[in-house]
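Protein chains in written order, with my numbering: chain A, 32 to 339; chain B, 126 to 463; chain C, 1020 to 1317. Each residue gets a CB set at the ideal place from its N, CA and C atoms; glycine is no exception. Keep in mind the model is a prediction, meaning the values are calculated, not measured. Take a look at the structure set out below.
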Amino acid sequence: MWKYVIKRLIALIPVVAGCTFIVFMIMHLSPGDPATFALGQDATPEAIYEWREMHGLNDPILIQYANYIVGVFMGDFGTSFRNNVSITQEVMQRFPHTLQLSMAALSVSLLLAFPIGIISAVKQNTWIDGLSMFIALIGISMPVFWLGLLLVLFFSLQLGWFPSSGANQWNSVVLPGITLGTGMMAAMARTTRSSMLEVIRQDYIRTARSKGLSNGKVIRKHAIRNALIPVLTIFGIQLGNLLTGSVITETVFAWPGIGRLMIQGIAARDYPMVLGCMVMFVLCFAVINLLVDLAYAFVDPRIRAQYR
Amino acid sequence: MSNVSDNRRMALEIENLVVEYRTHEGTVHALNGLDLYIEKGKTLGLVGETGAGKTTAGLSVLRLVPDPPGVIVDGAIKLNGETIFDKTDKEMESIRGKAVSMIFQDPMTSLNPVFTVEDQIAEVIERHEQLTKEESYVKAREMLELVGIPGTRGGEYPHQFSGGMKQRVVIAIALACSPSVLIADEPTTALDVTIQAQVLEMMKGLREKYDTSMLMITHDLGIVAEICDSVSVIYAGRVIEHGDLEDVFDNTRHPYTEGLFNSLPNLQDRQSRLKPIQGLMPDPRDLPTGCPFHPRCDYAKDICSKERPPKTYRNERHYVECHLYNSENIVEGKVINR
Amino acid sequence: MSEKTAAAPAAPSQFKKTNQWFDVWRRLKQSKTAVIGLVIFVLLCLMALTAPIFFNYEQDVIRINVQNRLQPPSAEHWMGTDDVGRDVLARVVWGSRASLSIAFSIVAFSLFVGGTIGSTAGYFGGVYDNVVMRIMDIFQAIPGILLAITIVAALGPNTVNLVIALVVSSCPVFARVVRGPVLTIREVEYVEAAKAIGAKSGTIITSHVLPNCLAPIIVQATLSVAGMILSVAALSFLGLGIQPPAPEWGAMLSGARTFIRDHSYLAFFPGLAIMITILSLNLLGDGLRDALDPRLKT
C-alpha cells in the first residue's frame, strides 16, 4: 500500500510539471509587455530592461519555464510583478482561508448528501424521494454566484444573521460554505441515490436478506459500502468543481483565499501571481484525486488488491 | 388429497400460490396457482424452463419476492406447518437463514464483494445462534472446511475464489444454521460440469448429515434423477405434472414433460434426433387461455384452448393437468408416444 | 426479477436499426420530467430566436436612459430597470441569445475537436493513442473553468477568447467520451469486416464506429450545453467573459451586486433565467440518458 502511495506521489511530479507548463505557456501568450504595464508608458528602455532582467523575462521561454518549475519544486513561486512580494508567502497566507472554506463546503455537502441520497433510494418513489430529488435538481442547476447573492440578500441583508463578506467573524464562513457546498451536495445526493438503487437490486443484497438480517442492517452494512464506490468517482469530479466554485464564491463574499487572489492578479495583470495560484490549485486537485483513489482501496478489496 | 392432511410429515406446503409483478409494461403473471409439497427429509425437484416462475416460487417461501413490483395475490405457504404469510416482518427475519435458507443461482454475484467470506458466513451464525463473535467465526471456518475449503482461507475476499468455490461458500452460508428446509435455485447452473458433479455430491452428503428437506430448482433432468425423491414440472407458473421420481420419469404423462425428456441428447444412441419442444415460453404478461401449453402442444384439442385442465391422478401422488387424460386412461397412458 | 425480463420475447433483430430512434423518442416521451425539460428548453430557444421582434437591440437593450434608472418591476418594466435605465426584461430576453448561441458553438467546436482526437486515438491505438491521451490527462488535471480563466486572462476578455478558452478546456472530456466506445466497437465483427474489404480508416470511423457510440456523446453534449451556459455566465460574472454593455446573464448579475441591498430584483431575474435554462437541460439530459440506455434506468 505504501509503495503504491509513493509511486503515485512520484507520478504526480510530471503531471504537475505538465500542467504548469500549459499554464505557463498560456500566460506567455498574452499580448503586450508586462514591464510596460508595470512601469507605465513613460519608462525608459533601461528601466524596462532592468525590470525584465529582475523577473527573468530576458531568457528564452523554455529556460524561463525550467527556472520556474525548479523553483516550484523548491517551494519558490517567484515574485509578484506588482509589488515584488514573494508569491509563496502570499499564497501560503491565503491558503488556510481557502482550505477553511472548502472544509465548510465539504461538511455541508457530505453531511447532507449521504442521508438524502440513501433515504431517497430506500424510500424510492415516495414523496420524500420526490422532494429530495427536486431539491437536488434545483441544487445542481443553481449557479454558485446567484445562490451566493440570494443567500446574502436573505440571511445577511434581510435577517442580519451572518456577515455578507470578509472572514473576520466566527460565523463568516457559514454563507460562503453553504454557497460552495450546495452544488456538490446536490450532485452527490443524486449519485448516492442512483448508486444505492443499483446496489439494492444486486444478488448479494438478496443473499443478505435471506440470512435473516433486518432491512436496516442490510442497508447499513451491505448496501452503503458498495454504493460508495461510484459515489467516490463523482466525489473526485466534484472536488474539481469545488476548486472552481471557490474562485467564484471567494469573489462574491470577498473571502481572502487563493481564488480571490487569482482574480485580483488577473485584474492587475500580475501573471506570476495568477500562475502561482493556478499551480496551487493544480497541486490541491492532484493530491485530492490521489486521496480519492486511496479511498477506493479502503472501500473495495478488489481495488486494494490491484494496489499491491 | 389424502396425503397432504398430515401436516407433521410436511416440511413445506405451497397451496394455490399466485404472484404477479406489476410493472409499467403490464402485469407479469409469474405464478398462477402453484401447488408444491415437500415431505420432511425429502428432496423435491422443481423443473421447468427459464421464465416458468421457479425462482419466484423459491423467493416466495422466504417472502423475498421483490416488492414492488411483486405482489402475492393469493395462496398459502406453510413451513413446518406454520403459515408464513401470518408472520410479522420481525418473525420472518428469524425464520430466514434459520428454518429455511436459499442457495442462489449465480455464485459470482451472490456474495458481497467488500466482505471476507468468513465475515459473510459468521454473519448468519451470529444472527441466529447464541454465540459470541469469536465463536461464530470459529464455526464459520468449520463450515468452510465442511464444504471443502481450507478454513485458513476464510479471511479472503470473494474475488479471490473461483466460481465453484464461491458456490461452496454460498452453500456454507445457507447451511450454517442447519435449516430444516433448503431451497437450492439452480445451484450448479453457473458451474463447469466437473465442478457441478462435485458440488452436487457434496450437497447430497450435507443433506443427509443435517436431515434437510430440499427444494431443488433446476432445468436439468439429470440433476433431478441424481438427487430428488419427487418431481414437480412447472409451466407458466403452475405445476402441470407431479409425482415420485420413478412415476414421472418412467410413466411420463404430460406432453410437456415428454418434450423435456425428448430435448435431452441421447449419449447411447448418437444417431437419434433431438426432438425439441416447438415454440417459446408464452409471454407471462399475456398467457394463453385454457391450458397455457396448448399453443406448443402436438396433441392439443379444442377444449385445451378453452378450459384449464383439472388435476387427474394416476396414483396417490402422481398427477397431471392435461385434457388428454381422465381417470380411465391415466393409468394405462399410451396417449403420448414416448 | 430476472425471470420476467428473460421471459419477454426477444425483438426481431432485423428491425432494430430503424426502430432505435423511434424507441428512444417513445421512452423519452414517457418520462414526464424529460418532456417538461424539453418543452422549457424549446420555449427558451424560441425566445432567443424571436427576441428582436419584441425588443430592439439599440433602443431597448443597450441604450442608456438615466431618467429611468433603478425602477422596480412595474407594468411598463416587468423586471424593472437597471442602474443606467435599461429594461431588465429586454436584457434577460436578449441574454438568452448570447448564452445559448455561445454555449452551442462551444459544444459544437469541442465535440468536433475532442471527437476527432478521441475517435482517432481510440481507433488507431498504440503510441499515438498513448501520447494523445496522456496530453488529455494533463489538461484534465487542471480543473475546467480554472483553465478557461487562465486562457481568458492571458488573451484578454472578449467573446472570441471566451469561446476559445472553453473549447480548449472541454475538449479532453469529449475526447474521452468518444474514445471509450470507439475502443470497444473497433473490435466488433462488422468493423473487422469493413477493414477486411479494404474500407478506408476515415470511412470506417464515420460510417461504422461513430454512429454506434452516439448515445454517450448525445448525453454528454446535452449536459455540456448546460455546463457551458453556466461557465459562460460564471466567467462573465468574474468580468472575464462577454463584456458590457452586451446583455449577458452572468455579467448582469455582476453589475447588480452593487445595488443588491435596495434593488434586489436586479440580481433575481438574470439568475432565475440561468437556473431555468440549466434545469431544463439537466431534465432533458437525464431523460435522454435513460431513454438511450434503458439498462441504466433506475
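Here the C-alpha atom of S1299(C) lies approximately 29 Å from the C-alpha atom of S138(A). Taking 9 Å as the cut-off, the Cβ atoms of E248(B) and K154(A) do not count as close. Spanning the alpha carbons of L141(A) and A167(A) requires a straight line of approximately 13 Å. Non-local C-beta neighbours of M309(A) in its own chain, meaning closer than 6 Å and more than five positions away in sequence, comprise V54, ordered along the chain.
T337(B) is positioned such that its CB atom lies closer than 9 Å to that of S303(B). The Cβ atoms of I197(B) and I139(B) lie no closer than 9 Å to each other. Rounded to whole angstroms, the Cβ separation of A1253(C) and I279(A) is 6 Å, and the two are in contact under 8 Å.
Counting of Cβ neighbours within 10 angstroms places Y1209(C) among the exposed residues, the total staying below 16. In the DSSP assignment, I1224(C) falls outside any alpha helix (DSSP H) and carries neither an H nor an E. P420(B) and Q396(B) have their C-alpha atoms some 29 Å from each other. If you draw a straight line from the Cα of R266(B) to the Cα of Q292(B), it is about 16 Å long. K179(B) has its alpha-carbon roughly 12 Å from the corresponding atom of L142(B). As a beta-bridge residue in DSSP terms, L156(B) pairs with V144(B). T277(B) and F210(B) have their C-alpha atoms spaced approximately 41 Å apart. Residue environment: Q1239(C) is assigned as buried (16 or more neighbouring CB atoms within 10 Å of its CB, all protein chains considered). With contact defined as three or more Cβ pairs closer than 8 Å, the segment 310–325 of chain A and the segment 209–223 of chain A are not in contact. Bridge partners of Y162(B) according to DSSP: E138(B). Under the three-state reduction of DSSP, I250(A) is assigned to helix. Taking a C-beta distance under 9 Å as the contact criterion, I352(B) and L325(B) qualify as a contact pair.
When only Cα atoms are considered, V1207(C) and W1040(C) end up about 22 Å apart.
Taking 9 Å as the upper bound on Cβ-Cβ separation, chain A lies near residues G1269, L1272, S1273, A1275, R1276, I1279, R1280 of the segment 1269–1282 of chain C.
R333(A) has a beta carbon lying within less than 9 Å of a beta carbon in chain B. Bounds of the beta strand (DSSP E) holding R363(B) are 363–369.
Using a Cβ-Cβ distance cut-off of 8 Å, the segment 142–161 of chain A and the segment 329–337 of chain A are not in contact, since fewer than three pairs of beta carbons, one from each stretch, lie closer than that value.
For K264(B), the enclosing alpha helix (DSSP H) covers residues 258–271.
Residue state for E311(B) is assigned as coil, using DSSP reduced to three classes. With a cut-off of 8 Å on Cβ pairs, the segment 231–241 of chain A is not in contact with the segment 157–173 of chain A, counting fewer than three such pairs. With fewer than three CB-CB distances shorter than 8 Å, the segment 254–263 of chain A does not count as touching the segment 295–308 of chain A. Residue nearest to V456(B) within the set T377(B), Q403(B), L412(B), K400(B) is T377(B) (criterion: CA-CA distance). Secondary structure within the segment 311–398 of chain B: the beta strand (DSSP E) runs of 3 or more consecutive residues, fully enclosed, are 338–343, 355–360, 363–369 (chain order). Bridge partners of G151(B) according to DSSP: T148(B). In this structure, the straight-line span from the alpha carbon of W1044(C) to that of V1192(C) is close to 26 Å. Apart from the 5 residues on each side of it in sequence, S195(A) sits with its Cβ closer than 6 Å to the Cβ of V183, S187 in its chain, given in chain order. Measuring C-alpha to C-alpha distances from F374(B) to each of E333(B), S305(B), V358(B), D423(B) identifies V358(B) as the nearest. For M1294(C), a Cβ of chain A is located within less than 9 Å of the residue's own Cβ.
Between the alpha carbons of M290(B) and M268(B) lies a gap of roughly 13 Å.
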